[in-house]
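Protein chains in written order, with our numbering: chain A, 44 to 454; chain B, 44 to 454; chain C, 44 to 454; chain D, 381 to 492; chain E, 381 to 492; chain F, 381 to 492.
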Ligand SMILES: Nc1ncnc2c1ncn2[C@@H]1O[C@H](COP(=O)(O)OP(=O)(O)O)[C@@H](O)[C@H]1O
Ligand SMILES: Nc1ncnc2c1ncn2[C@@H]1O[C@H](COP(=O)(O)OP(=O)(O)O)[C@@H](O)[C@H]1O
Ligand SMILES: Nc1ncnc2c1ncn2[C@@H]1O[C@H](COP(=O)(O)OP(=O)(O)O)[C@@H](O)[C@H]1O
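Laid out in structure tokens, this is it:
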């Protein structure tokens with residue numbers, strides 16, 4: 044098929060939007076930590092824009108999307124962007140240049156890595172994080188992306204539905220975050236000290252850029268510009284709106300409608316609608332988002348407050364639980380009438396789809412958890428995952444990056 | 044007509060751009076209030092992204108754009124997005140999915156509500172604001188949007204021109220803002236205390252996002268990608284540039300060229316060009332913007348300084364006056380050669396168009412003013428529109444939302 | 044050729060993206076100065092959005108892109124947007140409205156002027172800067188843009204390649220910045236006082252918006268949506284990623300991997316890939332970016348630390364050196380297989396292309412340097428380029444704009 | 381000479397300033413501080429759950445005055461900074477042995 | 381009465397607060413300051429090159445107490461703010477001639 | 381011992397620091413304050429219209445020194461913080477009864 048200019052415009056701008064999500068995440072996370080760790084938190088995301096992009100073109104895209112090997116992993120045919128050109132790919136998006144599809148996928152890999160850093164901010168050693176990130180991309184992300192999205196991937200063939208990365212991006216990141224928390228342990232002072240967010244407007248700015256960019260993430264995943272992209276776009280917005288509103292109300296019931304809770308809700312809704320966006324009716328998005336907020340809220344209460352697990356920025360509760368719910372919800376609400384490449388879900392009587400989704404969740408989630416523990420232990424052994432006591436007390440901005448966020452006469 | 048991928052890409056990205064305007068507005072407003080009210084001001088906009096989106100898909104779109112009833116209001120045929128699908132609508136944008144048109148319109152409704160909150164920040168009760176917003180959307184926005192843009196709306200049939208919402212969005216919001224100020228009264232301390240903006244860079248960030256998003260707002264309103272969108276795009280930019288520059292000069296004549304004034308000018312120019320963008324030549328946009336800055340500047344002097352009306356963030360002077368001037372200017376400068384769906388304006392001898400525009404201004408503005416007073420009085424009676432004295436003194440961030448913007452060891 | 048909706052959508056959104064780069068730059072620069080000069084630094088960029096836009100439609104576009112005169116300058120045929128309409132231009136982008144091409148070019152002119160202000164922040168007089176900017180646009184930018192991009196421009200005819208403005212934008216701005224530094228001299232206190240950046244998160248936000256907008260800058264310069272735009276898009280991202288990563292490593296070798304260095308690297312990489320983006324393979328972009336970081340880093344050490352040249356925000360080292368390297372690199376890495384409108388470069392045996400690039404660099408760079416000195420001297424004579432001692436000490440926010448960035452009870 | 385250090389509520393600054401001005405005490409130095417005492421702290425919210433902040437924002441006014449002015453100044457502050465609720469603040473009086481005006485080198489009475 | 385001014389490390393605030401609380405000294409005023417002394421400064425980085433910052437962030441605690449409480453308070457602070465490295469801070473004791481509670485006008489012992 | 385509190389212009393901090401350093405007074409504590417006095421305030425602009433700010437940014441330097449050093453220190457500050465225009469600031473000298481070094485528990489002379 045010839046390249047379509049409209050589809051390409053949509054895929055390119057979507058790639059730019061997804062790129063913007065990573066700095067968005069940097070601010071979303073950066074505003075929530077303590078002042079002494081703002082820059083280091085931002086840097087964990089920003090560095091991915093460099094590191095992961097480079098690995099992606101060297102071998103990442105090839106192992107993820109190259110010629111299939113046993114449904115498990117891609118091949119060597121796209122190494123160094125070999126055979127990835129201005130014409131459409133033979134197997135992926137058929138109306139846009141292969142390069143456009145490749146870079147759209149690159150942006151997903153970048154933000155997935157950036158996502159899990161939120162669990163271990165304020166204590167992880169920067170050098171070790173980079174090494175871990177490179178290994179994690181290679182050993183966890185590339186295979187699982189291939190399973191679900193690669194041509195010939197075993198979960199794809201099984202019929203697991205993941206429109207824009209609920210499983211590949213969010214479950215992967217969320218579960219790995221939890222494994223990392225077990226490896227690194229709590230921040231000094233947690234939970235006795237009130238670790239107050241240093242800058243909530245910065246968190247809101249980050250959430251706004253995430254929401255904005257997520258239109259590219261989800262509606263861009265249609266890979267064409269038209270009815271499907273529009274439907275996914277609407278579902279995405281309703282997922283965010285429904286969850287933001289729900290979280291606001293829950294937090295109000297407990298005490299007051301917080302801004303931090305509302306924007307967190309928005310992000311959780313966006314997470315949950317991600318796998319479903321192009322398979323469900325827009326209105327189902329509203330329900331998926333609203334329910335996601337309830338699940339994440341109480342998951343967070345359980346994990347952080349009841350169990351004292353210091354998943355610092357709640358990556359598992361937001362992305363892990365949100366992603367798992369989204370994957371199940373896709374199995375429930377999917378409608379073949381929305382997307383003929385999809386399937387009917389449980390509400391149309393096809394309970395099998397839920398079962399398939401569970402296979403996706405368990406295989407990807409289980410794999411990510413085990414592998415993260417392994418890679419993390421390895422990195423810990425060779426170079427140490429955590430900064431020392433003094434570095435943590437002084438703050439990572441100064442100890443890891445030799446900088447402080449706000450200069451001036453005095454502070 | 045079949046769906047056009049280029050037109051759809053343009054309409055979707057425009058919807059995303061308009062979505063981004065609401066957080067943009069949150070920062071534009073949030074930077075101008077006092078530190079103790081930053082979050083509450085931001086939240087007034089952000090909450091609309093949740094609340095209004097939900098109401099819009101449930102019944103808003105249907106009442107605004109559903110089957111016409113006597114030119115006054117839409118119907119029930121689009122309730123819950125019924126009949127709003129991936130194909131083009133029968134009567135609206137014919138080359139893009141109906142869902143895309145629906146969500147583009149949703150973003151307009153959201154920001155219109157967010158706009159008027161600027162008049163009553165630092166004192167309005169959050170719960171009451173939400174109730175008021177829901178009622179206002181239903182009773183004021185949906186009918187007036189139908190009058191002007193709905194298929195069969197009486198102002199549309201009359202030939203009133205409003206390309207992207209000068210009347211529906213800005214006059215509506217500006218006039219309602221003024222009515223709300225009359226209901227709520229001044230902030231404690233106004234005008235004796237210097238209520239210094241807490242963060243002008245944040246205001247600039249907001250203005251930048253607004254300007255950026257406004258390309259979607261105005262050029263997206265062409266609903267197609269091509270000559271008309273390009274012309275509207277250029278006119279939009281010139282409106283902003285002309286007004287920013289003019290405001291800077293006026294403020295310089297009075298004393299110094301302020302940043303706050305320049306970005307305010309940009310926004311005022313964008314307001315004024317909104318109804319005209321797709322009906323006038325790009326160069327006319329420059330004139331419309333420049334004149335808008337003069338009108339708004341002196342309107343602000345008159346209202347705020349001379350009369351002591353505490354329209355806190357000058358919503359009436361910016362959006363009300365800017366919108367009224369823009370609507371009249373559309374009647375003056377419109378050129379059928381730019382847009383055959385438009386008309387020739389007064390400069391081409393058609394003074395009738397100005398008269399029609401005045402009908403639009405007076406009917407929508409009058410309706411909005413009276414209804415806002417009514418709804419506002421009602422909400423005040425049942426739950427009180429204003430926080431109490433202590434809550435206002437402590438600040439709305441803590442009293443309404445249980446949060447403070449900037450945490451740290453101490454402050 | 045008829046207007047293509049996909050190409051137009053891409054060109055319009057690219058124009059919006061490039062527009063956003065100017066506020067992006069405002070924050071990138073604003074975060075690096077001292078607190079007392081934040082607003083004035085932001086204003087230098089923001090004011091260009093007003094001033095340059097107006098001059099551009101009045102005569103700028105016409106002199107740059109109007110009918111050629113001897114390869115040196117355009118003509119009068121596009122004055123006041125005369126003959127610039129909704130149809131495609133006869134000589135420029137043939138599938139999009141002429142107005143779209145015109146405004147895309149406008150955004151380039153705006154940011155070029157904004158770029159050089161970084162060299163003279165914290166001491167330049169605002170009124171003089173505006174006068175200088177208007178003269179510089181007219182005398183330096185319009186001719187050189189015509190040479191390289193104008194139909195019939197002598198450098199274009201010679202075969203100099205500049206895909207998106209390495210020469211016209213970055214060398215022009217970088218070299219002019221250096222000339223301005225010679226005219227204005229150092230800031231009071233430089234280099235003895237540690238002039239600490241006041242807000243590094245603001246710098247990161249600026250860099251993020253620049254990176255995001257640069258997709259429009261470079262991939263938009265394809266003027267169509269398809270293979271070429273996709274290839275330029277990928278090369279752009281790799282240039283940024285390669286340089287960000289390299290700068291991070293260099294700064295690590297010297298001491299620690301700084302955030303400020305990493306985002307500076309990203310911008311330098313974007314600068315260097317600009318002239319090459321649509322002429323080289325994506326992977327070459329990675330090399331171009333990585334080498335650019337090395338050149339800029341050590342250029343900065345040499346200029347600022349060794350020689351004590353107070354190019355305050357390193358405009359020459361970033362944009363001048365980055366642009367020169369990018370222009371040469373285009374001559375080295377260009378591949379006709381990527382873009383048939385381009386040429387093969389030195390790696391394909393065509394060393395002539397490097398020679399041509401050098402002609403471009405020297406003629407534009409030399410012209411800009413000499414003219415800037417001349418215009419600068421003139422402006423200095425009639426109105427003084429620099430604020431007085433007290434104004435500089437108090438800070439430009441208060442002395443030039445009558446404002447301070449952060450208000451509150453006290454500070 | 382005495383130094384009067386008054387810790388007051390932020391929102392009372394304007395009233396106190398005005399009152400002192402009327403009695404022609406114009407010079408003063410103000411800073412942002414955080415304090416705790418009888419006034420109970422704030423309970424703020426995170427995404428989920430709450431945390432307490434017991435150091436609340438206050439302003440500290442420092443004024444150096446002649447011995448005979450101490451009573452008047454204290455009175456003016458007390459009258460104008462009071463709300464009657466816990467947290468209104470404290471005034472402390474400290475001895476000052478010397479004052480110098482940097483601009484002129486003037487000492488003591490002449491300096492303040 | 382005495383005013384105790386303690387300059388301590390930021391991260392020791394919680395421990396000091398808790399220790400004073402246990403001895404029922406609850407009222408205090410805290411502010412952000414920057415200090416230098418024996419502790420060597422920081423070397424921070426620009427895009428290229430480094431610069432030194434010799435004023436480091438500290439917190440200042442101010443407590444007005446009765447004369448007989450001075451020793452206890454000093455002791456509590458010293459015990460809890462110490463790390464043993466240069467930069468732990470100082471405590472200064474200044475005489476206070478009068479204290480007033482703004483809310484009630486109470487003086488001296490009754491005020492603090 | 382005495383505590384010297386100097387309120388100076390922000391831009392004079394470096395000069396004062398350097399001058400004190402040369403006379404080997406290195407330890408000090410600095411904080412951001414706002415002050416008013418003879419210096420007239422600022423007139424700032426809103427979107428339209430102006431407002432006055434009469435509390436201007438200053439820095440407060442606090443140094444505790446031995447009695448015999450007071451004159452030298454005051455002199456160094458006065459010489460280096462002066463511009464000759466209203467707003468240069470003040471120096472106040474207060475008695476200090478005790479000083480303690482947190483790190484070691486050293487008292488008085490040994491502590492500062
Ligand atoms: N012993 C003390 N020493 C220094 N400052 C104190 C002391 N007690 C209270 N303060 C300051 O005074 C403020 C008000 O005190 P508080 O006890 O809350 O109210 P009130 O004075 O009305 O009883 C506190 O926030 C704190 O800043
Ligand atoms: N002479 C002084 N006067 C006032 N404050 C001082 C003085 N000396 C030190 N300080 C304050 O005490 C802090 C700690 O002092 P420093 O000499 O670094 O450590 P230590 O007390 O452990 O020897 C400094 O950062 C400064 O705020
Ligand atoms: N009586 C006072 N008590 C405390 N601080 C004062 C007093 N008078 C002035 N100041 C402080 O000194 C600063 C400079 O005083 P000002 O009268 O403006 O200048 P000058 O000392 O040169 O006459 C003020 O900004 C304020 O911080």
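Here a beta-carbon is modelled for each residue, glycine too, at the ideal position from N, C-alpha and C. Since the model is a prediction, treat every value here as computed from it, not as a measurement.
*Let me know if residue 235 of chain A comes out buried or exposed under the rule of 16 or more other beta-carbons within 10 Å of its beta-carbon.*
Residue 235 of chain A comes out exposed.
_chain D contact for residue 491 of chain E (CB, 8 Å cutoff)_ = yes
*With a threshold of 16 other CB atoms inside 10 Å of the CB of residue 94 of chain A, please say whether the residue is buried or exposed.*
buried
_Using only CA atoms, which one of A/157, A/304, A/101, A/259 lies nearest to residue 459 of chain A?_
Only positions 44 to 454 of chain A appear in the structure, and residue 459 of chain A is not among them; the question remains open.
*For the region 351-365 of chain A and the region 212-230 of chain A, state whether three or more C-beta atom pairs, one from each stretch, are separated by less than 8 Å.*
yes
*Does the beta carbon of residue 434 of chain F fall short of 7 Å from some heavy atom of ligand 3?*
Incorrect: residue 434 of chain F has no Cβ contact closer than 7 Å to ligand 3.
*Kindly list, in the order they appear in chain E, the residues whose Cβ is closer than 7 Å to that of residue 441 of chain A.*
Residues of chain E passing the Cβ test: 422.
*Mind checking whether residue 284 of chain C and residue 320 of chain C have CB atoms under 8 Å apart?*
no
*asked:* Applying the 10 Å Cβ sphere with the 16-neighbour rule, what's the burial state of residue 393 of chain F?
replied: buried
_Counting only Cβ-Cβ distances shorter than 7 Å, please list the residues of the region 92-123 of chain A near chain D, keeping chain order._
Within the region 92-123 of chain A, no residue qualifies.
*Do residue 315 of chain C and residue 331 of chain C have their CB atoms nearer than 8 Å?*
yes
*Could you tell me which chain D residues have their CB closer than 8 Å to the CB of residue 468 of chain F, listed as they occur along the chain?*
481, 482, 483
*Does the beta carbon of residue 491 of chain A come closer than 8 Å to any beta carbon on chain D?*
Outside the shown range of chain A, which is 44 to 454, sits residue 491 of chain A, and nothing can be said about it.
*Cα-Cα, which of C/445, C/304, C/338, C/431 is closest to residue 428 of chain E?*
C/304
*Where does residue 480 of chain E sit, in a helix, a strand or coil, going by DSSP?*
In this structure, residue 480 of chain E counts as strand in the three-state DSSP scheme.
*So which residues on chain A does residue 391 of chain D lean against when the C-beta distance must stay under 8 Å?*
Near residue 391 of chain D there are no residues of chain A at all, since even the closest Cβ is about 21 Å away, more than 8 Å.
*Mind checking whether residue 387 of chain D and residue 413 of chain D have CB atoms under 8 Å apart?*
yes
*Below 6 Å CB to CB, which residues in the same chain sit around residue 160 of chain C once its five sequence neighbours on both sides are set aside?*
For residue 160 of chain C, where only same-chain residues beyond five positions count, the Cβ hits under 6 Å are 87.
_On the CB-based measure, 16 or more other CB atoms within 10 Å of its CB, does residue 447 of chain F come out buried or exposed?_
exposed
_Contact the region 433-447 of chain C vs the region 248-263 of chain C: 3+ CB pairs below 8 Å_ = no
*asked:* Could you give the first and the last residue of the continuous beta strand (DSSP E) run that contains residue 409 of chain E?
replied: 408-416
*Identify whether residue 433 of chain F lies in helix, strand or coil by the three-state DSSP scheme.*
strand
*asked:* Which residue marks the beginning of the beta strand (DSSP E) containing residue 214 of chain A, and which one marks its end?
replied: Premise fails: residue 214 of chain A is in no beta strand (DSSP E) and is neither H nor E.
*Quick one, are the C-beta atoms of residue 164 of chain C and residue 72 of chain C less than 8 Å apart?*
yes
_Tell me which residue opens and which closes the beta strand (DSSP E) that residue 46 of chain B is part of._
From DSSP, residue 46 of chain B is part of no beta strand (DSSP E); its letter is neither H nor E.
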